[in-house]
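Take 1191 as the starting number for the sequence shown in our numbering and just add one per residue.
All C-beta atoms, glycine included, are put in the ideal place defined by N, C-alpha and C.
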Amino acid sequence: MPHSDAPLVSVIMPNLDKGRYVGDAIESILNQSYENFELLFVDNGSKDTSREIAQQCCRRDKRLLMLSEPIKGVTHARNRGLTESHGELITFLDSDDVCNEHRLEKQVALLEEDRTAAGCHTNGWIIGEKGAPTGEIFHPDCVSLPAEALGGRIFHQLLKKNFVMGMSMMLRRDSLEGEVFDTRLGYGEDFDLWLRLAHRHRLTYVPEPLYGYRTYSENAPWTLLWSHHPLIYEKWLNSPDLAGDDRRVVIEKLLRLYRRNNSYKKLLHLLMTEATARDLTYDYVLHRSAT
């Protein structure tokens, strides 16, 4: 039984037709060393066996709660989970991923120790379609930042590159202050929320691989930078709270994204309205001509 003063953790798991993997995902939560949690399984209109698998687990363990809704997308499903959850602490697991059995225990312990942090994320490992580790560890292959740079006031570094492992973030409910995932984003909605929280709060980091991200044919490669959605940076460009080096990073990101996406109308508007954009483009042209 959980200790009487152990905080309740809400784990939110959206699902759409992940019957091949959902059993592993659910079991990795039900088998956690930390026992005081609720697992909210939010089915998003599945047509395969994943609902039945979850229902079987639900009959065996009352900490698993079943929620259903029409197909609206993973962002809506995560927001539904946030609305229905009761935990003082909130975290996530996608229904095709897995957790280390001590993940919740270690994240809760860190947040109990560091009361000034609004949340914490972890390192992770990559698994293949059948669940076997590929040997890849997330952070060393994705960013060159030392572990101490991945926690604290990380907003500026996070603007440059999304180094948060999947849905490994655990948050204090009171730090959300009404924030939810932006349903306008078809991808990168997690990164968008982490940025908003990092702008206001300290976030900390567990330098251990506690989150297993699965790669397979229908899933995006883990190395793909899904954080590169122009709307994420456009929102910050229009924010009165952004200035200095942070603003320069946002403008540079948008210049690259508009070029990559052939968004020439937006690119021209950015160049006409932002002197920094013109300076960056001028430097880029000079560098290319010099080389």
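Per DSSP, the bridge partner or partners of residue i
i, result
"L1198", "Answer by DSSP bridge pairing: none, since L1198 is not bridged."
"F1227", "V1199"
"I1280", "S1200 and L1361"
"V1288", "G1402"
"N1205", "D1233"
"G1368", "Answer is none; G1368 lacks a bridge partner."
"G1342", "L1393"
Range of the contiguous alpha helix (DSSP H) that encloses residue i
i, result
"T1373", "First-last for T1373: undefined, no H or E at that position."
"V1212", "V1212 to L1220"
"G1402", "No alpha helix (DSSP H) holds G1402; the beta strand (DSSP E) holding it covers R1392 to R1404."
"I1327", "It is not in any alpha helix (DSSP H) - I1327 instead sits in the beta strand (DSSP E) that spans P1323 to I1327."
"P1260", "Neither: P1260 is in no alpha helix (DSSP H) and is coded neither H nor E."
"F1353", "No alpha helix (DSSP H) contains F1353, which DSSP labels as neither H nor E."
"I1441", "G1434 to R1450"
"K1425", "P1420 to L1427"
"K1320", "Segment: none, K1320 is in no alpha helix (DSSP H) and carries neither H nor E."
"E1295", "R1293 to E1303"
"T1463", "Y1454 to T1463"
6 Å CB neighbourhood of residue i in its chain, flanking five on each side removed
i, result
"V1493", "Nothing can be reported for residue 1493: it is not among the residues displayed for the chain, which extend from 1191 to 1481."
"P1430", "none"
"L1206", "N1234 and S1236"
Bounding residues of the beta strand (DSSP E) (the contiguous stretch that carries residue i)
i, result
"R1253", "Per DSSP, R1253 belongs to no beta strand (DSSP E) and is neither H nor E."
"N1313", "A1307 to I1317"
Proximal residues to residue i (C-beta, below 7 Å), its chain only, five neighbours per side dropped
i, result
"E1442", "L1470"
"C1248", "L1254 and M1256"
Spatial neighbours of residue i in its chain, beta-carbon cut-off 8 Å, leaving aside the 5 residues before and after
i, result
"L1387", "A1308, G1309, L1361, S1365, L1366, E1369 and L1393"
"T1306", "R1392"
"R1343", "A1388 and R1392"
"W1416", "Any answer about W1416 is weak, because its pLDDT of 45 lies below 50 and its placement is not dependable; what the coordinates show is given next. Taken in chain order, the residues that qualify are N1352, Y1377, G1378, F1381 and A1410."
Check: residue i C-beta below 7 Å from any heavy atom of the ligand SAM
i, result
"D1284", "By its list of ligands, the structure shown contains no ligand whatsoever, and the ligand SAM lies outside what it can speak to."
Original post:
Between the region 1278-1287 and the region 1197-1207, do three or more beta carbon pairs fall short of 8 Å?
Top reply: Contact between the region 1278-1287 and the region 1197-1207 is present, because at least three Cβ pairs lie under 8 Å.
**OP:** Report yes or no: do the region 1457-1471 and the region 1429-1436 share at least 3 C-beta pairs separated by less than 8 Å?
**Re:** Under the 8 Å Cβ criterion, the region 1457-1471 does not count as touching the region 1429-1436, having fewer than three qualifying pairs.
**OP:** Take every Cβ of the region 1397-1406, pair it with every Cβ of the region 1311-1321, and state whether three or more of those distances are shorter than 8 Å.
**Re:** As far as the Cβ criterion goes, the region 1397-1406 touches the region 1311-1321, which means the pair count is three or higher.
Original post:
So does the region 1245-1265 actually touch the region 1373-1380, counting three or more Cβ pairs closer than 8 Å?
Top reply: yes
Original post:
Taking one C-beta from the region 1313-1325 and one from the region 1234-1244 each time, how about it: are there three or more such pairs within less than 8 Å?
Top reply: no
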